Every structure is written in C-alpha cells, then in structure tokens.
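A.B. asks: Order-wise, the sequence lines are chains F and B. Quick note on the numbering used here: the first sequence kicks off at 15 and runs consecutively. Quick note on the numbering used here: the second sequence kicks off at 537 and runs consecutively.
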Amino acid sequence: MSFIQKHITHRDWRGFVLPVGFLVIWTAVTAAGWVNTKLIVPPSDVIAAAYKYFTSGTFFSGLGASLGRDLAGFVLGSLVGVAFGSLVGLSRWANRLAGPTFHTLKHISLFAWLPLISTWLGQGDGAKIFFVALSAFYPVALGTIEGVQGVARAQVEVARVYAFNARQLLFKLVLPAASPQIIAGLHLALIYAWLATIGSEYLLAKSGPGLGDAVIQGKTAFNVGLVVFGMLLVGLIGYALNRIALRAEARVLRWRGRAS
Amino acid sequence: MTAASSIEKAPPPLPTSLPAPGLRLSTLRITALAGDFVKRFGLAATGLILPLLLLALWQHAASQHWIAEQLLPPPALVWQSLVELWGSGDLRSHIAVSLSRIGWSFLIGGSVGLALGFAMGLSRQLKAYLFPTFEVVAQFPVVGWIPLLIIFFGIGEALKISAISIAIVVPIVINTYKGIANIPNALLDVARVYRFDLPQVIARVVVPAALPSLFNGLRQGVMQAWLSLVFVELLAASEGIGYLMVWGRQLLQLDLVVVGMIAVGAIGVLLDVSLRLVEARLQRWRKVAF
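(1) Below 9 Å on C-beta distance, what does residue 112 of chain F contact in chain B?
(2) When Cβ atoms are compared, which residues of the segment 165–183 of chain F fall closer than 7 Å to chain B?
(3) Taking residue 688 of chain B as the query, report the chain F residues whose CB atoms sit under 9 Å from its CB, ordered along the chain.
(4) Residue 664 of chain B touches chain F at which residues, Cβ-Cβ below 8 Å?
(5) With a 10 Å radius around its C-beta and 16 neighbouring C-beta atoms as the bar for buried, classify residue 486 of chain B as buried or exposed.
(6) So within the segment 149–180 of chain F, which uninterrupted alpha helix (DSSP H) runs reach at least 4 residues, ignoring any that extend past its ends?
(7) DSSP on residue 783 of chain B, reduced to helix/strand/coil?
(8) Show which residues of chain B have a CB atom less than 7 Å away from the CB atom of residue 212 of chain F.
(9) Please report how far the alpha carbon of residue 694 of chain B lies from the alpha carbon of residue 134 of chain F, in whole angstroms.
(10) Can you give me, in chain order, the residues of the segment 804–822 of chain B that have a beta carbon less than 8 Å from any beta carbon in chain F?
(11) For residue 576 of chain B versus residue 776 of chain B, is the C-beta distance shorter than 8 Å?
(12) Going by DSSP in three states, residue 609 of chain B sits in which element: helix, strand or coil?
(13) Residue 49 of chain F by DSSP, collapsed to three states: which one?
(14) Measuring only the C-alpha atoms, how far is residue 33 of chain F from residue 813 of chain B?
(15) At a CB-CB cut-off below 8 Å, which residues of chain F make contact with residue 579 of chain B?
(16) Give me the Cα-Cα distance between residue 122 of chain F and residue 152 of chain F, rounded to the nearest whole angstrom.
(17) Should the segment 747–758 of chain B be called in touch with the segment 697–717 of chain B, which here means at least 3 C-beta pairs below 8 Å?
(18) Distance, Cα to Cα, residue 150 of chain F vs residue 233 of chain F?
(19) Note down the Cα distance separating residue 791 of chain B from residue 764 of chain B, rounded to an integer number of angstroms.
(20) Note down, in chain order, all residues in the segment 692–714 of chain B with a beta-carbon under 8 Å from any beta-carbon belonging to chain F.
(21) Rank B:733, B:785 and B:768 by C-alpha distance to the C-alpha of residue 691 of chain B and give the top, closest one.
(22) In whole angstroms, give me the CA-to-CA distance for residue 557 of chain B and residue 570 of chain B.
(23) Within 10 Å of its beta-carbon, does residue 736 of chain B have 16 or more other beta-carbons around it, so buried, or fewer, so exposed?
(24) What number of angstroms, rounded off, separates the C-alpha of residue 245 of chain F from the C-alpha of residue 88 of chain F?
(25) Are the C-beta atoms of residue 654 of chain B and some chain F residue less than 8 Å apart?
(26) By the three-class DSSP mapping on this structure, what secondary structure does residue 637 of chain B have?
(27) Along the chain, where does the alpha helix (DSSP H) containing residue 197 of chain F start, and where does it finish?
(28) Within a Cβ cutoff of 8 Å, which residues of the same chain sit near residue 44 of chain F, ignoring the five residues on either side of it in sequence?
(29) Please list, in chain order, all residues of the same chain as residue 804 of chain B whose beta carbon is under 7 Å from its beta carbon, the five residues on each side excluded.
(30) Let me see if you follow: with CB-CB separation under 8 Å, is residue 766 of chain B close to chain F or not?
(31) Given a threshold of 16 other Cβ atoms within 10 Å of its Cβ, counted over all protein chains shown, does residue 158 of chain F qualify as buried or as exposed?
(32) Measure from the C-beta of residue 121 of chain F to each C-beta in chain B and report whether the shortest distance is under 8 Å.
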C-alpha cells in the first residue's frame, strides 16, 4: 500500500490534468451540440439532477437506507465469518468436515445466489441484508482461516505453559495473532459489501428507498443526469469506504511496528 | 529463534519408500501406498459428510413438503433438469454464450489493462498524469457503471462486453503497474551494464520479473469478470447462464436456478484451475525456496 501513501504525500498538478481536461471536453462538446445531448447530457444537467434529488428529501433517506443495509450485512457477515473461520482454522475435524464444502461453494459467483435468495426471502431488506452478509462472509472467513492456521506453534506452547484456558487461548493469542489476515479480510469484505448492496438494489429494484433504486428509476425514466450523479455518488462512497478501511487498518495494526 | 526451534524439532519420519532389500521393498511400498490411499480416501470421505447431510435434509424437506415444491425443488428434479438441459444442448449453448462474452472482454480489457499498466510502470511522466484519476475510478464498484452503460449501449452485446472489460481492466492495470514498479533496481542496473536496449530490457528483465504480479492481476481479472458477467446477465440478457437463472426465477422453476448455480460454480472452479496450471507452467523456470 506504500505506493498509495507516496502518492498522497506529494500530490502534484499533473494528476489533475486528466479529470479537468475531461470536464472541459465534456462541457465543450455538449455546449457545441456535437453529440446527442439527450444521451450525453451536459454537466449542468447532472448538477441540476443532483440538486433536485437533494431537495426532494429522498436523498438522505435513500443514502441512509443503502448505508444501513451495507453496515448491517457487513457486521453480520463478518461476525459469522470470524466465528466460522476460527472454528475451521482451529479444529482439524471442523476443517475436514466443512472445509471442502466451503471451498467449493466460494466458487459460485456472488450474484448467482441472488435469484434463490430473492425467491426465499422476497425483495425487501431481509433478502438484501442477507445477500450483503453473504458477500462479507467469504473474505472474512478466508482471512480468518489463513490467519489462525498461521499462528506459530511456539506461541501456543507458551500459552500452554501459562495454562491458558480455551477462551484465553482464543482471545489473547489466536485472534490477536491472526488479526493482520482477519483485518485484510474485513477490508475486502467492506468493498464486497458495498458492491453487493448496490448490486442487490439494482437487481431487486423496488420503489423503496436506496441509492441503487434511485439510479434504476433514473435509468427507467431516462434521466441521464440522475444516473450519472448516482453513479458518481456510489463510486465516491466506495472510494471513501476503502480510504476509511486503509486508515483503520494502519491504526489497528500499529502495534506490529513498521515492516521495514 | 529459528535456529533453536530447528534444533528442537524432531527428526523427520523415515520416507516410506525406503530402499529396503529384496521382497520387503515391494511389501513395504504396497502397505505404504495402501495406507496412503486409505488416508486420502478417508479425508475425502469426511469432506463429503456435510454435503451428503445437506442433501439428505434437502431431500427430506422436499419429500415431506415442508416448503412448497415451487420454492424448494427436490434434488431429483434438479438432477433431471440438469441432465435434460445438458442433453438438449440448451445448457451448453448458454455456457458457450457466457464464455464467449468472457473471452472477448478478456481480449479487450486485458490488452487495454496491460498497455496502461506497462505505460504507467515504465514512464514516470505518464504515471503522474494517469495514476491519480485511475486510482480513484478503480475503487468505484464495477456494477455502479452498468446503468450508465445501458443508457449508452442499450442492453445488447456491447453492454456486456464493455461492463466485463471494465471489470477486467482495473485489477490488471494495478497489478501490472505494481509488478513493474517493484522490480529491484539491481536488476535494471545489470541490464544497463549489459547495454540492453528498451525492447531487450522489457523482454528479458521487466516481463519475467513482473510475471508473478501480472498473473495475480490476470487471476483477479478473470474472477472479477465472472462476477460481473453473472450480474449483467441477471440484469439484462436474453441468453447466457444468468438469463437461464432469471428465466427459471420468473417461471418459479427453481430447479433451473439451481442448475444455473451449479454451472456458475463449476465454471468458476474450471477458470481458477486452468489459470493456476498456466501460471505454474509459465513459471517453471523460477526456482522458489519454499
């Protein structure tokens, strides 16, 4: 990740050439009428659509609904993922029993679960949160298994000498020792959870609140301004979530000291 | 620390194919093989317990009509649909459509991604212009693009190819760029001593040194492509595996949905395994320590 940090510390003007140039060309081309402005709308349309969406009151309820589903699914999936991963990582029998099934099912591409989930749980919040939780479960479980299995034998022996009971062993040794991999899994899970939130809102679009629902409605009404704005918003939230995760990761893992 | 633990470590067990004289050799080897077989078979068998239990539960739930048959098709029906769809060629044609979409997108997205990654890796100037924008856009969720793409391209083949290509480009660019940026300077110094020109440096130093990272990108790209393929076929398609599932869902024939899931999973495994094989083959020259 060092290349990202390097890039933050010396931000030079050359990075702005591309986006600013793009904006200028976009404005010029639409103003001159060289393109079909119904299809490629001028930036002012996007701003107008954004303003209308902001003031209509559906913006904050939609944003809240999406982020709420994202968070609920993320927390649920992560908790189950850590529990499952610890079990499979620690117990050889659990690994033999559940490992092959887990590693086979993870090959089913995420969205392929959605038709089945929507048949069973409907198109409401329940189905969406379950789906988001499923998307968060896999990376967290994988990270936890990897981390737990990588705990050094010598450390476990020290814990034996100190006569740790099972709970102390889990919370004082195994989980902290596995935390780098678990946190890497949580980071991935955050990215996948947002993808799954938006994806499920697109596929199970109802007239309910949600960013994805709003974008789909905009698409149906051919409101290109709203679609572009929604897409930008979805993207920037994804970017922000990733940023927060990077910060949190660095902070939580500070006890390890610098790598080099 | 490592030295101490290696001293205390118990001596390794004697290899089972110990060259013992005469008759004993073959009996030893046979018992070892048999033991190995039983062990492996036993491991595989324990892995089968859970799926078999689930299958039994599924069968039981279906035969007792705990849940309506429309919502939970019995396993036999799923199997029958799978065999019928495969036999009639329907399933194969859906798979072929999906795979050809992956192939085209891989060709387009892969070449664009490699070109961008190499350009940014080799030229500091280009990187300064392109990377900041790329880094932000790369973190947009893939599916976020799709409504906009639908407006531009409609719901035809162009939509699928463009959406999947975008999904492929991002991991390939990032991994290519990182692979090149992380090449140790010493390697490039040696190339300079040998007075390699640019094509030589690329072919003999940059590509081999960046290959592991490159393959990482390819694998992530294929997985992302598979993810977004299923998504875009669920959202808007008239053929392909995703369409088969949507169709089954609309007719409330969940056996078709489950058949689709089986196909998606099987192809996911196949893609993963074949990429691993290619990677192992291309990297045979690399003598790894571990």
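The beta-carbon is built from N, C-alpha and C at its ideal position, and this holds for glycine as well. Predicted model, so just to flag it, every value in this text is computed and none were measured.
C.D. replies: Taking the geometry as given:
(1) 583 and 586
(2) 168
(3) Annotation: Cβ neighbours of residue 688 of chain B in chain F (cutoff 9 Å, chain order): 53 and 54.
(4) 26, 28 and 29
(5) Chain B is shown only over 537 to 826; residue 486 of chain B falls outside these bounds and no answer can be derived.
(6) Listed in chain order, the complete alpha helix (DSSP H) runs (minimum 4 residues) inside the segment 149–180 of chain F are 167–175.
(7) DSSP places residue 783 of chain B in helix when its eight states are reduced to three.
(8) 677, 679 and 680
(9) 33 Å
(10) 804, 805 and 808
(11) no
(12) coil
(13) DSSP places residue 49 of chain F in coil when its eight states are reduced to three.
(14) 40 Å
(15) 110
(16) 11 Å
(17) yes
(18) 28 Å
(19) 23 Å
(20) 714
(21) B:768
(22) Reliability of the predicted coordinates at residue 557 of chain B is poor, the pLDDT of 48 falling under 50, and the value obtained from them is presented with this limitation in mind. Their Cα atoms are separated by approximately 20 Å.
(23) exposed
(24) 21 Å
(25) no
(26) helix
(27) Element bounds for residue 197 of chain F: 189–217.
(28) 51, 54, 55, 56 and 57
(29) 762
(30) At least one chain F Cβ lies under 8 Å of residue 766 of chain B.
(31) buried
(32) yes
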